[in-house]
Amino acid sequence: MERSHELINLFGYRVSWAQLAWFGHRASGLGVLLFLFLHIVETSTVLFGPEVYDFTQTFYANLPAKIGEVLLMAALVYHSLNGLRVIVMDFWPSTTIYYRPLTYGVIAATTIAMVPLGLIILTPYLPWG
Amino acid sequence: MTTSTNRRPRTIYSNPSRAARPKPEASGRERFWWIFMRLSGLALVFLALGHMFIMHVLVVLTGDQIDFAFVQSRWGTPFWRIYDLLLLVLAFLHGVNGARIVISDYVAHRTARSLIIGVLLFISAAWLILGIAIIALFDPSAS
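Residue numbers (the working numbering), protein chains in the order written: chain P, 190 to 318; chain B, 266 to 408.
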């Protein structure tokens with residue numbers, strides 16, 4: 190029965206969705222924090238006037254940067270939804286029995302939300318956009 | 266077998282339904298941060314997602330772009346300045362405390378752990394002050 194919750198077999202570890210959700214929460218959180226550090230430095234150029242700031246912003250106007258932007262947004266959406274799930278189960282422990290459908294729901298909702306959001310961000314930078 | 270002077274029991278995530286640590290039993294600093302993470306997290310769902318949605322979706326859909334003039338018009342109003350200040354401080358405290366918890370989960374050696382967390386807090390404090398200074402010092406009338 191336990192095997193049915195297995196996601197992938199990684200070097201002998203059977204990784205479940207719950208473990209992946211836990212790892213994803215940490216990975217996405219650290220990723221967003223890293224960008225926050227970068228974002229503060231980049232925004233500080235606003236104090237040096239329009240030329241400097243507008244030049245800094247051109248660093249974001251290319252496809253690789255936009256892919257990074259989509260990944261950042263996916264990390265933030267996942268961390269938010271999974272965080273809400275943690276809050277719900279921390280304060281209403283009886284909901285813990287639904288942790289598996291809720292975890293699947295968080296992963297599915299993130300994926301579904303990122304399709305239109307990703308298209309809006311990437312389309313102007315794609316060859317056909 | 267056990268080197269009790271340098272090691273402490275690892276946090277046990279006994280309940281797989283949790284993506285986070287269980288509520289600390291004793292009241293005090295760790296209990297405060299446990300509650301802070303949940304309250305700030307709830308606020309950040311709206312603040313951070315709202316920020317991302319405005320900056321990276323609405324700006325694209327309205328054909329606008331983020332440049333100096335855009336920042337001037339936004340930070341010309343107290344509402345967005347307070348919004349951004351609140352977002353900055355909450356996101357920073359939430360993120361750095363999260364990083365601290367991850368570090369203390371993986372670094373078992375007490376001295377190394379204190380050192381790494383000390384460096385993290387020192388750098389973070391400097392960065393947060395820089396961030397607050399940007400929002401406070403920006404002059405929207407400058408050109």
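No residue lacks a Cβ here, since even glycine has one placed at the ideal position from N, Cα and C.
Remember, predicted model here, so these are calculated numbers, not experimental data.
CA nearest to the CA of His268(P), picked from Phe311(B), Tyr348(B), Leu350(B): Phe311(B)
Range covered by the alpha helix (DSSP H) that runs through Trp345(B): 343 to 371
Cutoff 9 Å: Val204(P) Cβ touching any chain B Cβ: no
Beta carbon proximity, Phe333(B) to chain P, threshold 9 Å: yes
Chain-ordered neighbours of Met262(P) on chain B, where CB pairs are closer than 8 Å: Met317, His321
is_contact[Arg294(B), chain P] using C-beta, thresh 9 Å: no
Leu265(P) and Leu314(B) closer than 9 Å at C-beta: yes
Among Val259(P), Leu270(P), Tyr293(P), Val275(P), nearest to Ile309(P) - alpha-carbon criterion: Val259(P)
Whole-Å CB distance - Ala207(P) paired with Thr292(P), under 8 Å assumed: 6 Å
Cα-Cα separation, Leu260(B) to Ser406(B): In the structure displayed, chain B extends from 266 to 408; residue 260(B) sits before or after that span and is not available.
Leu252(P), buried or exposed, once every other Cβ within 10 Å from all chains shown has been counted against 16: exposed
Short Cβ contact (9 Å threshold) for Phe320(P) with Thr234(P): Beyond the ends of chain P as shown, which are 190 and 318, falls residue 320(P); an answer cannot be given.
Under the three-state DSSP convention, the category Ile286(P) falls into: helix
Thr232(P) burial status per 10 Å Cβ neighbour count (16 or more: buried): buried
Alpha-carbon spacing of Val275(P) relative to Ala216(P), whole angstroms: 16 Å
Spatial neighbours of Gly309(B) in its chain, beta-carbon cut-off 7 Å, leaving aside the 5 residues before and after: Strictly speaking, residue 309(B) in this sequence is Leu, with Gly absent from that position. Counting only Cβ-Cβ distances below 7 Å, and skipping sequence neighbours, we find Leu355, Ala356, His359.
Proximity test, Cβ basis, 9 Å: Pro239(P) and chain B: yes
Beta carbon proximity, Val354(B) to chain P, threshold 9 Å: no
Ser205(P) classed as buried or exposed, judged by whether at least 16 other C-beta atoms fall within 10 angstroms: buried
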